[in-house]
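Trainee: So the protein lines, in turn, are chains Y and C. Note that my numbering has the first sequence beginning at 3, numbered continuously upward. Note that my numbering has the second sequence beginning at 3, numbered continuously upward. A virtual CB, placed ideally from N, CA and C, is assigned to each residue, including glycine. Please find one structure pasted underneath; my questions will follow.
There are 2 protein chains.
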Amino acid sequence: MNSKRVLITGSSGFLGKNISQFLKDQGYQAKNFDLADGLDLLNENHLKKSLASVDYVCHLAAVGDVYLAAKSPKLAACVGVGGTANLIQVANNLKNIKKIIYASTWEVYGHPNYQPIDEKHSCNPDHPYSISKYAGELMFRSNLNHVPWVILRLGSAYGSNMRTNAVIPLFINKAKAGEVITIAGDGLQTRQFTHARDIARGFQLALESKIAGEVFNIVSKESQTIKEIAEMVKSKIPVRIKYTAKRQGDVVPAMVSSEKARRLLGWMEKVSFKDGFMELFGFPGN
Amino acid sequence: MNSKRVLITGSSGFLGKNISQFLKDQGYQAKNFDLADGLDLLNENHLKKSLASVDYVCHLAAVGDVYLAAKSPKLAACVGVGGTANLIQVANNLKNIKKIIYASTWEVYGHPNYQPIDEKHSCNPDHPYSISKYAGELMFRSNLNHVPWVILRLGSAYGSNMRTNAVIPLFINKAKAGEVITIAGDGLQTRQFTHARDIARGFQLALESKIAGEVFNIVSKESQTIKEIAEMVKSKIPVRIKYTAKRQGDVVPAMVSSEKARRLLGWMEKVSFKDGFMELFGFPGN
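This is the structure:
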């Protein structure tokens, strides 16, 4: 089991929790690293101590809430870019780390030049969240890094433990509370919601693969409009849906292909949006 | 004079000092903003107070020493990316700032796909210094920023007040001390050394131009090899030159074109390398 010791940074976050649990279920020794446990990515000593006793790292720690990142871009950059650079530097000095899997996002692509977007598409991130994620990617690719890495550009993640200000739980909770669902814009912006368990499997496959130094999209094929999600909620609990002005800085939707992950990692989503949504809603999947 | 009040961030650094002096000579009221004056880019209140009384910003504050950035990539990222994001956010909230000129670097291009490199070339920065500079650029281009900006990608700057660990003063000081000049690699790597006064003029032109939302290379045409510089020093003071192993992470040389700056800003270098070198050496230019 020695080769299955993995550190999860951001282990108290939504995806961190899911990945930690998933890897434990797969027989990994998953160690936590999170501010919630008093462990700071910007503190070299915390990193040294935690990295010394593992072989792999799943690096998720970041200001994962895009609204918070917009509100405090300084924090997003210091944690996301500074913290990632710090992790890479400490891992390089220690020399026991076999691979780091970095949680990036489909949002690094920015405005699409062609669709579906593959990993060769240029990156033009346009929000403090995605800019910080992308700069973190570049730190892995830097000439100064010698620790093997895989970058996963994740779809819009959903699943248990997700932030309550994310669109799906927000809509569900509005309906449950008898309040109005508010949609910014026409609600026709699409997202490829990707279930946290599918994402966690992407991390496992990336860890166990011999491949390093590659970038993979980990994004479910299906896409939903925000309006469709509101309607799905409404079909379960009657609720009023209101449309307001488009929100500043909202991400342009784009279709992303995960063909490379399928081909080289054997990754494909297993959770359909309908099942994942029902599970989140509190109903068992059909 | 009201419209000529400019804040220089990083005003105690090599380029900051030069730009501050140059703009003062051109009739600007140049205000300083530097850690050396107790003013921190990561502190919103410091920024608010300083930005409130100016119209323009020349944003140079960063970990400008590439060796320090390699040693402390966390610091480079927090100051460079976090600090830049902070500056942009505070400027957006204040609404009095007419334009910010951002000091970026030719090094953001990374490995050249074609040469000479123009501003349309893709950016693949591969060092914590250039990654941080590039992420700062992206923060300016973010959807959340509404303050007009111009990004200047500067050539390898030289001139008075430059850091003593930069190649030219390092070689001069070795020769003056009767020590050996050490060159990492074969010394055939080229640099387009661009004089600080020429760079300062680039900032002035960018400030005064009606153009915003554009990126310009500000790089002198001439290029020198490191070996040539050592030989130029040797021709003034006899000194031994020793070649050692190539240094890890050193930037791949590339020819950069400033044709766009010439066309749209009317910028061209005025200081020949020979004159700038002689001036730095302590001899008057010929």
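At a CB-CB cut-off below 7 Å, which residues of chain Y make contact with R295(C)?
Mentor: Summary: the structure shown does not reach residue 295(C), with chain C confined to residues 3 through 288, and so no result is reported for it.
Trainee: Would you please verify whether the beta carbon of G84(C) is less than 8 Å from any beta carbon of chain Y?
Mentor: Locating residue 84(C) in the second sequence gives position 82, counting from the first residue. At least one chain Y Cβ lies under 8 Å of G84(C).
Trainee: Just to check my reading of the structure: N20(Y) and G157(Y) have Cβ atoms closer than 8 Å, yes? What is that Cβ distance to the nearest angstrom?
Mentor: Walking along the first sequence from the start, residue 20(Y) turns up at place 18. Walking along the first sequence from the start, residue 157(Y) turns up at place 155. No, N20(Y) and G157(Y) are not in contact; Cβ-Cβ is about 14 Å, not under 8 Å.
Trainee: Tell me the residue span of the beta strand (DSSP E) that contains I102(C).
Mentor: As a working note, residue 102(C) is residue 100 in the second sequence. K101 to T107 is the extent of the beta strand (DSSP E) around I102(C).
Trainee: Could you please give the first and the last residue of the uninterrupted alpha helix (DSSP H) stretch that includes S22(C)?
Mentor: Within the second sequence, residue 22(C) is the residue found at index 20, counting from 1. Segment F16 to D27, the alpha helix (DSSP H) holding S22(C).
Trainee: In terms of alpha-carbon separation, which member of A256(C), L140(C) and N95(C) lies closest to P127(Y)?
Mentor: Stepping through the first sequence from its first residue, residue 127(Y) is reached at position 125. Considering only alpha carbons, the answer is L140(C).
Trainee: Within a Cβ cutoff of 7 Å, which residues of the same chain sit near K100(Y), ignoring the five residues on either side of it in sequence?
Mentor: Looking up residue 100(Y) in the first sequence gives position 98. Around K100(Y): D57, Y58 and P150.
Trainee: Tell me the rounded alpha-carbon separation between G284(Y) and L17(C).
Mentor: Residue mapping note: residue 284(Y) aligns to position 282 of the first sequence, counting from 1. Residue mapping note: residue 17(C) aligns to position 15 of the second sequence, counting from 1. The straight-line gap from Cα to Cα measures roughly 60 Å.
Trainee: Can you confirm whether Q117(Y), when its beta carbon is compared against all beta carbons of chain D, has any partner nearer than 8 Å?
Mentor: The structure shown contains no chain D; the protein chains it does contain are Y and C.
Trainee: Given that A63(Y) touches chain C, what residues does it touch there, using C-beta distances under 9 Å?
Mentor: Numbered from its first residue, the first sequence carries residue 63(Y) at position 61. The contacting residues do not exist; A63(Y) stays about 13 Å from chain C at best.
Trainee: Over what stretch of residues does the beta strand (DSSP E) that includes H48(C) continue unbroken?
Mentor: Start at 1 with the first residue of the second sequence, and residue 48(C) comes out as number 46. No beta strand (DSSP E) holds H48(C); the alpha helix (DSSP H) holding it covers E46 to L53.
Trainee: For A78(Y) and A87(Y), I'd like the C-alpha separation in whole angstroms.
Mentor: Counted from its first residue, the first sequence places residue 78(Y) at position 76. Counted from its first residue, the first sequence places residue 87(Y) at position 85. Looking at the two C-alpha atoms, the distance is approximately 13 Å.
Trainee: Note down the Cα distance separating K122(Y) from S222(Y), rounded to an integer number of angstroms.
Mentor: Numbered from 1 along the first sequence, position 120 holds the residue referred to as residue 122(Y). Numbered from 1 along the first sequence, position 220 holds the residue referred to as residue 222(Y). K122(Y) and S222(Y): Cα-Cα distance of roughly 18 Å.
Trainee: Between which two residues does the beta strand (DSSP E) containing I239(C) stretch?
Mentor: Indexing the second sequence from 1 puts residue 239(C) at position 237. It is not in any beta strand (DSSP E) - I239(C) carries neither H nor E in the DSSP assignment.
Trainee: Alpha helix (DSSP H) containing T86(C): first to last residue?
Mentor: Counting from one through the second sequence, the residue named residue 86(C) turns up at place 84. Segment T86 to L96, the alpha helix (DSSP H) holding T86(C).
Trainee: Taking the straight line between their C-alpha atoms, what separation do you get for A179(C) and A38(Y)?
Mentor: Within the second sequence, residue 179(C) is the residue found at index 177, counting from 1. Within the first sequence, residue 38(Y) is the residue found at index 36, counting from 1. Going from the Cα of A179(C) to the Cα of A38(Y) covers about 54 Å.
Trainee: What residues from chain C crowd round L44(Y), counting only those whose CB sits closer than 9 Å?
Mentor: Taking the first sequence and counting its residues from 1, one reaches residue 44(Y) at position 42. Here the neighbours are K76 and C80.
Trainee: For the region 213–222 of chain Y against the region 178–192 of chain Y, are there 3 or more C-beta pairs whose distance is under 8 Å?
Mentor: Contact between the region 213–222 of chain Y and the region 178–192 of chain Y is absent, because fewer than three Cβ pairs lie under 8 Å.
Trainee: So with Cβ pairs under 8 Å, would you call L53(C) a contact of chain Y?
Mentor: Here residue 53(C) refers to the residue found at position 51 when the second sequence is read from its first residue. Not an interface residue.
Trainee: Rounded to the nearest angstrom, how far is the Cβ of R7(Y) from that of Q23(Y), given a contact under 8 Å?
Mentor: Position 5 of the first sequence, counting from 1, holds the residue named residue 7(Y). Position 21 of the first sequence, counting from 1, holds the residue named residue 23(Y). Incorrect: roughly 16 Å between the Cβ atoms, too far for contact.
Trainee: State yes or no: is the C-beta of Q206(C) within less than 8 Å of the C-beta of L53(C)?
Mentor: What you label residue 206(C) is simply residue 204 of the second sequence in a count that begins at 1. What you label residue 53(C) is simply residue 51 of the second sequence in a count that begins at 1. Contact: no.
Trainee: Out of P240(Y), I228(Y) and I102(Y), which one is the CA nearest neighbour of A168(Y)?
Mentor: Counting from one through the first sequence, the residue named residue 168(Y) turns up at place 166. It is I228(Y) whose Cα lies nearest to the Cα of A168(Y).
Trainee: List, in order along the chain, the chain C residues whose C-beta lies closer than 9 Å to that of T206(Y)?
Mentor: Position 204 of the first sequence, counted from the first residue, corresponds to residue 206(Y). Residue identity differs from the one stated: residue 206(Y) is Gln in this sequence, not Thr. By Cβ distance, chain C contributes nothing, its closest Cβ being about 29 Å from Q206(Y), past 9 Å.
Trainee: Counting only beta-carbon atoms, is S106(Y) nearer than 8 Å to chain C?
Mentor: Stepping through the first sequence from its first residue, residue 106(Y) is reached at position 104. Chain C, which has no Cβ nearer than 8 Å to the Cβ of S106(Y), makes this no.
Trainee: To the nearest angstrom, report how far apart A247(Y) and Y131(C) are at their CA atoms.
Mentor: Taking the first sequence and counting its residues from 1, the one referred to as residue 247(Y) is at position 245. Taking the second sequence and counting its residues from 1, the one referred to as residue 131(C) is at position 129. Answer to the nearest angstrom: the Cα atoms are 39 Å apart.
Trainee: Buried or exposed for L190(C), going by 16 or more other Cβ atoms inside 10 Å?
Mentor: The residue you call residue 190(C) lines up with position 188 of the second sequence. Exposed, since its Cβ has fewer than 16 Cβ neighbours within 10 Å.
Trainee: Could you tell me the alpha carbon to alpha carbon distance between K76(C) and F142(Y), rounded to whole angstroms?
Mentor: By one-based count along the second sequence, residue 76(C) stands at place 74. By one-based count along the first sequence, residue 142(Y) stands at place 140. Distance between the alpha carbons of K76(C) and F142(Y) is about 13 Å.
Trainee: Closer than 7 Å, Cβ to any Cβ of chain C: which residues of the region 87–101 of chain Y, in chain order?
Mentor: So the list reads A87, N88 and Q91, given in the order they occur along the chain.
Trainee: N34(Y) lies in the beta strand (DSSP E); which residues open and close that run?
Mentor: Working through the first sequence from its first residue, we reach residue 34(Y) at position 32. Its beta strand (DSSP E) spans residues Q31 to F35.
Trainee: Ignoring anything shorter than 4 residues or poking outside the region 161–236 of chain Y, list the alpha helix (DSSP H) runs there in chain order.
Mentor: Segments of the alpha helix (DSSP H) lying fully in the region 161–236 of chain Y: 169–178 and 198–210.
Trainee: Counting along the chain, where does the alpha helix (DSSP H) carrying K248(Y) start and finish?
Mentor: Start at 1 with the first residue of the first sequence, and residue 248(Y) comes out as number 246. Careful: K248(Y) lies outside any alpha helix (DSSP H) and carries neither H nor E.
Trainee: Taking its Cβ as the centre, do 16 or more other Cβ atoms sit within 10 Å of K116(Y), making it buried, or is it exposed?
Mentor: On the first sequence, residue 116(Y) is found 114 positions in, with the first residue counted as 1. Looking at the sequence shown, residue 116(Y) is not Lys but Tyr. Burial call: exposed.
Trainee: Among V83(Y), K272(Y) and D200(Y), which has the Cα closest to the Cα of I133(Y)?
Mentor: Against the first sequence, residue 133(Y) aligns to sequence position 131. The shortest C-alpha separation from I133(Y) is found at V83(Y).
Trainee: Residues of chain Y with CB closer than 9 Å to the CB of A168(C), please, in chain order.
Mentor: Sequence index remark: in the second sequence, residue 168(C) carries index 166 (1-based). In chain order: nothing, as chain Y lies at least about 19 Å away.
Trainee: So, is K97(Y) buried or exposed, given that buried needs 16 or more other C-beta atoms within 10 angstroms?
Mentor: Taking the first sequence and counting its residues from 1, the one referred to as residue 97(Y) is at position 95. It counts as exposed.
Trainee: Compare the C-beta of A72(Y) against all C-beta atoms of chain C and say whether one is closer than 8 Å.
Mentor: Here residue 72(Y) refers to the residue found at position 70 when the first sequence is read from its first residue. Chain C contact via Cβ: present.
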